[in-house]
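Asker: Counting from 109, one number per residue, gives the positions in the sequence shown under this note's numbering.
Ideal Cβ positions, reconstructed from N, Cα and C, are used throughout, including at glycine.
Note that the coordinates shown come from a computational prediction; the quantities given were computed from them, not determined experimentally.
Let me begin by handing over the structure; questions about it come next.
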Amino acid sequence: MSTIYDEPRIEQSPLAPEPEYPPPTQLRARRRRSHRGRLVAAAVATVLLVGAAAESVPPGAPGHQLWTTIAGGSPVAPPAIASAAPQVDAQLATIQAVIQKANAEQVQAITAQNPSVMSDTATPAHYQQLVQINQNLLGQGVTSSQLTNISWGPITINGSTATATSYETWVTTFSDSTTMQSTDTYVYTLVQQNGSWIIQDDQQPTAPAPSTGQPPAPVAPVAPVAPVAPVAPVAPVAPVAPVAPIAPVAPVSPSAQGTSHNWSGYAATGGSYTAVTGTWTVPQLAPTGAPGVGATWVGIGGVTSRDLIQAGTQDVASGTGQSQFQAWIEMLPAASQQVPLAVAPGDSVTVSMTQQSAAIWQIAFKNNTSGQTYQTTVHYASSLSSAEWIEEAPSGPNGIVPLDNFGSVAFSSASAVQNGQTVDLSQAGAQSITMLNSSSQPLAVPSGIGSDGSSFSVARTAAPATPPATTGRRPGVPTN
């Protein structure tokens with residue numbers, strides 16, 4: 109199987125063109141929700157990344173070739189401490205409820221572009237700060253934001269003032285359908301006004317929260333608070349457990365099985381393939397660890413030929429609690445293009461591509477969780493030589509970008525049209541591919557095919573994502 113990935117024509121193929129971006133600009137919104145500022149392409153750690161830095165991800169920019177972090181202030185490491193014991197004191201529960209209500213009001217204010225709903229939970233001075241912050245976020249292309257988890261740290265009351273620490277996870281969507289998830293620590297200052305608690309200030313500490321190796325545990329629900337119409341109350345969800353480390357793995361010989369330095373999953377060859385489809389769940393990235401990028405996709409061609417048409421989703425981890433998600437299409441040798449479909453961690457996504465005629469393909473996306481769909485018709489000459497269901501460490505002109513810690517990605521409903529017949533993975537004779545790092549350690553390992561013939565999973569190991577030397581191959585093409 110490994111000899112499939114040593115095609116001389118691929119080795120000699122040119123690199124896909126890379127876009128040029130202007131230098132980044134520091135964002136101004138540094139107070140409440142400042143972590144939801146625009147994404148920028150940048151260098152992370154000591155790895156040389158794809159393209160020059162940029163303040164924003166422009167609509168239509170290459171999707172899974174981008175490596176991004178957050179601009180505007182120092183990012184805070186995601187909370188990894190157990191939250192405080194459930195608060196039973198009525199005053200403490202009231203403070204929690206005020207903060208939750210304020211968060212719900214800010215969600216509504218962004219969605220409706222009407223900041224006035226935030227005025228009842230903030231002092232006049234803090235309300236003006238929130239108005240300016242929301243204007244900045246809207247100017248940066250934010251279209252919606254959702255609080256997906258909140259856990260509590262210390263809450264102290266000193267007469268008519270109080271401070272409360274929370275650990276919040278927000279998922280924000282931009283106008284180009286890029287989605288960003290961020291987990292940060294917040295320290296609220298509250299004061300009493302006419303017998304009620306309101307928020308006077310909201311800061312994000314620059315120092316990371318202390319770590320015990322576990323994410324914050326959800327707290328007991330607070331007393332119900334009347335929601336701000338028409339927004340439903342924000343319900344906290346259970347935090348995602350970090351990816352459990354495994355024992356170090358022994359090196360694997362590339363000749364022992366189907367292996368690649370940037371692909372993991374299944375590929376079918378030995379026929380003519382005119383359609384491919386697959387469903388997977390967008391991964392919840394580990395909140396801590398090394399930064400990286402992962403791309404999940406289905407495609408036609410590219411195993412034994414230089415052509416490849418592919419479509420899927422991308423996830424980017426900054427390693428400091430922020431992550432980005434996009435959907436994209438790529439047709440080698442052209443660079444990938446982002447598509448207007450918002451995807452977020454935990455979303456079920458189905459992607460399919462079908463040949464309509466000799467060089468016309470229909471590509472369809474469906475976010476099964478949100479119900480949003482996207483469909484397009486493209487022109488592309490394909491060899492029809494293979495079909496793939498892949499988790500990839502994307503590549504650029506400087507080589508393979510380190511694979512992120514995606515945990516596990518489960519594929520289902522995987523099928524293709526082979527020689528005019530619809531077949532599942534087993535019927536197509538699809539073979540597994542294990543991704544190796546530069547030390548030949550397994551980096552991403554596919555499971556066996558499920559009993560239904562159309563499902564499998566790819567698991568990220570604890571091996572370090574050390575990229576191999578640049579091979580000169582284009583993004584999307586498997587390297588041995």
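Given that a residue counts as buried once 16 or more other Cβ atoms are within 10 Å of its Cβ, and exposed if not, what is glycine 180?
Answerer: Along the sequence shown, read from residue 1 onward, the residue named residue 180 stands at position 72. The predicted model places glycine 180 with a pLDDT of 32, which falls under 50 and marks its position as unreliable; any figure quoted below should be read in that light. Per the 10 Å Cβ criterion, buried.
Asker: Counting C-beta neighbours from all protein chains within 10 Å, is the total for asparagine 476 16 or more, i.e. buried, or is it exposed?
Answerer: Taking the sequence shown and counting its residues from 1, the one referred to as residue 476 is at position 368. That one is exposed.
Asker: Please name the residue or residues paired with threonine 385 in a DSSP beta bridge.
Answerer: Reading the sequence shown from its first residue, position 277 is the one you call residue 385. DSSP, once it has assigned bridges, lists Ser460, Ser523 as partnering threonine 385.
Asker: Thinking tryptophan 278 and leucine 255 are a contact (beta carbons under 8 angstroms), I'd like their distance in whole angstroms, please.
Answerer: Reading the sequence shown from its first residue, position 170 is the one you call residue 278. Reading the sequence shown from its first residue, position 147 is the one you call residue 255. The pair is a contact, with the Cβ atoms about 6 angstroms apart (cut-off 8 angstroms).
Asker: Throw me the rounded Cβ distance for the threonine 382 and glutamine 483 pair, which I believe falls under 8 angstroms.
Answerer: For the purposes of this step, residue 382 is identified with residue 274 of the sequence shown, where counting begins at 1. For the purposes of this step, residue 483 is identified with residue 375 of the sequence shown, where counting begins at 1. Incorrect: roughly 17 angstroms between the Cβ atoms, too far for contact.
Asker: Consult DSSP for serine 274 and reduce its assignment to one of helix, strand or coil.
Answerer: Within the sequence shown, numbered from 1, the residue matching residue 274 stands at position 166. Reduced to three states, the DSSP call for serine 274 is strand.
Asker: For alanine 352, count neighbouring Cβ atoms within 10 angstroms of its own Cβ and tell me buried if that reaches 16, exposed if not.
Answerer: Residue numbering aside, residue 352 sits at position 244 when the sequence shown is read from its first letter. With a pLDDT of 36 at alanine 352, under the threshold of 50, the modelled position of this residue cannot be trusted, and the question is left open.
Asker: Bridge partners for isoleucine 203 per DSSP, in chain order?
Answerer: As a first step, residue 203 must be located in the sequence shown, where it is residue number 95. None, per the DSSP bridge assignment.
Asker: Select from Ser372, Ala375, Ser490, Gly420 the residue whose C-alpha is nearest the C-alpha of arginine 414.
Answerer: Start at 1 with the first residue of the sequence shown, and residue 414 comes out as number 306. For the residues Ser372, Ala375, Ser490, Gly420, the minimum Cα distance to arginine 414 belongs to Ser490.
Asker: What is the rounded straight-line gap between the Cα of glycine 373 and the Cα of serine 520?
Answerer: The residue labelled residue 373 in the question sits at position 265 within the sequence shown. The residue labelled residue 520 in the question sits at position 412 within the sequence shown. Approximately 12 angstroms between the Cα atoms of the pair.
Asker: Assuming glycine 454 and threonine 389 make a contact with CB atoms under 8 angstroms, what is their CB distance in whole Å?
Answerer: Taking the sequence shown and counting its residues from 1, one reaches residue 454 at position 346. Taking the sequence shown and counting its residues from 1, one reaches residue 389 at position 281. The pair is a contact, with the Cβ atoms about 6 angstroms apart (cut-off 8 angstroms).
Asker: Is it buried or exposed, aspartate 292, if we count other Cβ atoms within 10 angstroms and call 16 or more buried?
Answerer: Mapped onto the sequence shown, residue 292 falls at position 184. Answer is buried; the Cβ neighbour count reaches 16.
Asker: I believe glycine 427 touches leucine 492 by the beta-carbon criterion, under 8 angstroms. Please report the beta-carbon distance rounded to the nearest angstrom.
Answerer: Along the sequence shown, read from residue 1 onward, the residue named residue 427 stands at position 319. Along the sequence shown, read from residue 1 onward, the residue named residue 492 stands at position 384. The Cβ separation is near 40 angstroms, so there is no contact.
Asker: Near alanine 285, which residues of its chain fall below 6 angstroms by C-beta distance, leaving aside the five closest residues on each side in sequence?
Answerer: Your numbering for residue 285 matches position 177 in the sequence shown. Sequence check: residue 285 is serine here, not alanine. So the list reads Pro448, Leu449, Ala450, once near-sequence residues are dropped.
Asker: State the DSSP-derived secondary structure class of glycine 429, mapped to helix, strand or coil.
Answerer: Counted from its first residue, the sequence shown places residue 429 at position 321. Coil at glycine 429, not helix or strand.
Asker: Taking the Cβ atom as the reference point for each residue, do alanine 394 and glycine 515 lie within a distance shorter than 8 angstroms?
Answerer: Position 286 of the sequence shown, counted from the start, is the residue given in the question as residue 394. Position 407 of the sequence shown, counted from the start, is the residue given in the question as residue 515. Yes. Within cutoff.
Asker: Would you tell me roughly how many angstroms separate the C-alpha atoms of glycine 528 and glycine 507, rounded to the nearest one?
Answerer: Taking the sequence shown and counting its residues from 1, the one referred to as residue 528 is at position 420. Taking the sequence shown and counting its residues from 1, the one referred to as residue 507 is at position 399. Each residue's Cα considered, the two are about 37 angstroms apart.
Asker: Leaving out the 5 sequence neighbours to the left and right, which residues in its chain are closer than 8 angstroms to threonine 485 when beta-carbon positions are compared?
Answerer: Along the sequence shown, read from residue 1 onward, the residue named residue 485 stands at position 377. The residues are Gln464, Ile468, Trp469, Gln470, Ile471.
Asker: Looking at C-alpha atoms only, which residue of Asp560, Ser290, Pro554, Ser559 is the closest neighbour of valine 566?
Answerer: Numbered from 1 along the sequence shown, position 458 holds the residue referred to as residue 566. Measuring from the Cα of valine 566, the nearest candidate turns out to be Pro554.
Asker: Out of Phe433, Val459, Ala570, which has the shortest C-alpha to C-alpha gap to isoleucine 417?
Answerer: Position 309 of the sequence shown, counted from the first residue, corresponds to residue 417. Among Phe433, Val459, Ala570, the Cα nearest to that of isoleucine 417 is on Val459.
Asker: Just the Cα atoms here: how many angstroms apart are asparagine 545 and serine 494?
Answerer: Here residue 545 refers to the residue found at position 437 of the sequence shown. Here residue 494 refers to the residue found at position 386 of the sequence shown. The straight-line gap from Cα to Cα measures roughly 24 angstroms.
Asker: From this set, Ala376, Glu276, Ala270, which residue's C-alpha is nearest tryptophan 305's C-alpha?
Answerer: Within the sequence shown, numbered from 1, the residue matching residue 305 stands at position 197. Measuring from the Cα of tryptophan 305, the nearest candidate turns out to be Ala270.
Asker: If you check the beta carbons only, do glycine 561 and aspartate 532 fall under 8 angstroms apart?
Answerer: Your numbering for residue 561 matches position 453 in the sequence shown. Your numbering for residue 532 matches position 424 in the sequence shown. Yes, the pair counts as a contact, with Cβ atoms nearer than the cut-off.
Asker: Could you tell me the distance, in whole angstroms, from the CA atom of alanine 151 to the CA atom of glycine 402?
Answerer: Your numbering for residue 151 matches position 43 in the sequence shown. Your numbering for residue 402 matches position 294 in the sequence shown. In this predicted model, alanine 151 has a pLDDT of only 27, less than 50, meaning its place in the structure is not dependable; the value taken from the coordinates is given anyway. Alanine 151 and glycine 402: Cα-Cα distance of roughly 16 angstroms.
Asker: Given that a residue counts as buried once 16 or more other Cβ atoms are within 10 Å of its Cβ, and exposed if not, what is threonine 154?
Answerer: Residue numbering aside, residue 154 sits at position 46 when the sequence shown is read from its first letter. Confidence at threonine 154 is low in this model, with a pLDDT of 26, below 50, so its placement is unreliable and no value can be given for it.
Asker: Answer with buried or exposed for histidine 487, where buried requires no fewer than 16 other C-beta atoms within 10 angstroms of its C-beta.
Answerer: Taking the sequence shown and counting its residues from 1, one reaches residue 487 at position 379. Classification of histidine 487: exposed, given that the 10 Å Cβ count is below 16.
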